[in-house]
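Here is the structure we will look at, set down as structure tokens.
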Amino acid sequence: MFTLDDYDKFVKVLALDVPWAHTYADTRPGKTDRERRENYRAAAIGVIQATPPSVLWWAFRITVGRAGRSLDVDNIAKTIIDSFCARQIARDNSSFTHLGLYPDDTFDHVRILQVIGNRSTTVDSTRIEVFACIRE
1 MFTLDDYDKF VKVLALDVPW AHTYADTRPG KTDRERRENY RAAAIGVIQA TPPSVLWWAF
61 RITVGRAGRS LDVDNIAKTI IDSFCARQIA RDNSSFTHLG LYPDDTFDHV RILQVIGNRS
121 TTVDSTRIEV FACIRE
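Structural data, given as structure tokens:
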């Protein structure tokens with residue numbers, strides 16, 4: 001079992017709080033996954049930290065609060081993980097190329113995903129924490 005807050009093994013490169021809660025493949029009119037990825041990327045500017053040298057792999061801890069309609073927990077992470085994938089950034093023709101932390105979103109590069117969902121009575125929110133594993 002890994003503890004992401006173990007600073008001997010992990011470096012937190014992103015701690016981002018946004019006032020929305022999105023899922024992958026939202027079918028509502030006018031909603032696109034590319035737009036959601038770009039929103040996450042834009043929000044990460046100025047917050048993301050430098051990537052440490054020799055990253056072994058990446059981990060995500062995502063905490064979502066939802067006040068409106070319920071979300072499928074398994075669809076929450078897809079858009080977020082793709083937001084920082086170099087391959088997806090290129091496919092999106094995004095200007096945020098410097099936010100590509102890993103070349104692909106496979107187990108070779110992203111090994112831990114923790115998603116925590118909570119009901120909120122007031123507002124939607126998402127906290128995204130991205131960790132670089134530097135020692136196993």
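136 is the number that the numbering used here gives the last residue of the sequence shown; the numbers go up by one with no jumps.
Each residue gets a CB set at the ideal place from its N, CA and C atoms; glycine is no exception.
Fair warning: this is a prediction, and the values are worked out from it, not measured in the lab.
(1) Are ARG61 and GLN114 touching if we call contact CB-CB under 7 Å?
(2) Measure the C-alpha to C-alpha separation of PRO53 and ASP74 and round it to an integer number of angstroms.
(3) Can you check whether the CB of ASP124 is closer than 7 Å to the CB of ALA67?
(4) If you measure from the beta carbon of TRP58 to each beta carbon in chain C, is any gap under 7 Å?
(5) Below 8 Å, can you find three or more Cβ-Cβ pairs linking the segment 7 to 23 to the segment 102 to 109?
(6) Is PHE131 near ARG41, with beta carbons less than 7 Å apart?
(7) Could you tell me the distance, in whole angstroms, from the CA atom of PHE2 to the CA atom of TRP58?
(8) Need the endpoints of the beta strand (DSSP E) that ILE128 sits in, please.
By the coordinates alone:
(1) yes
(2) 31 Å
(3) yes
(4) No chain C is part of this structure, which consists of one protein chain only.
(5) no
(6) no
(7) 12 Å
(8) 125 to 133
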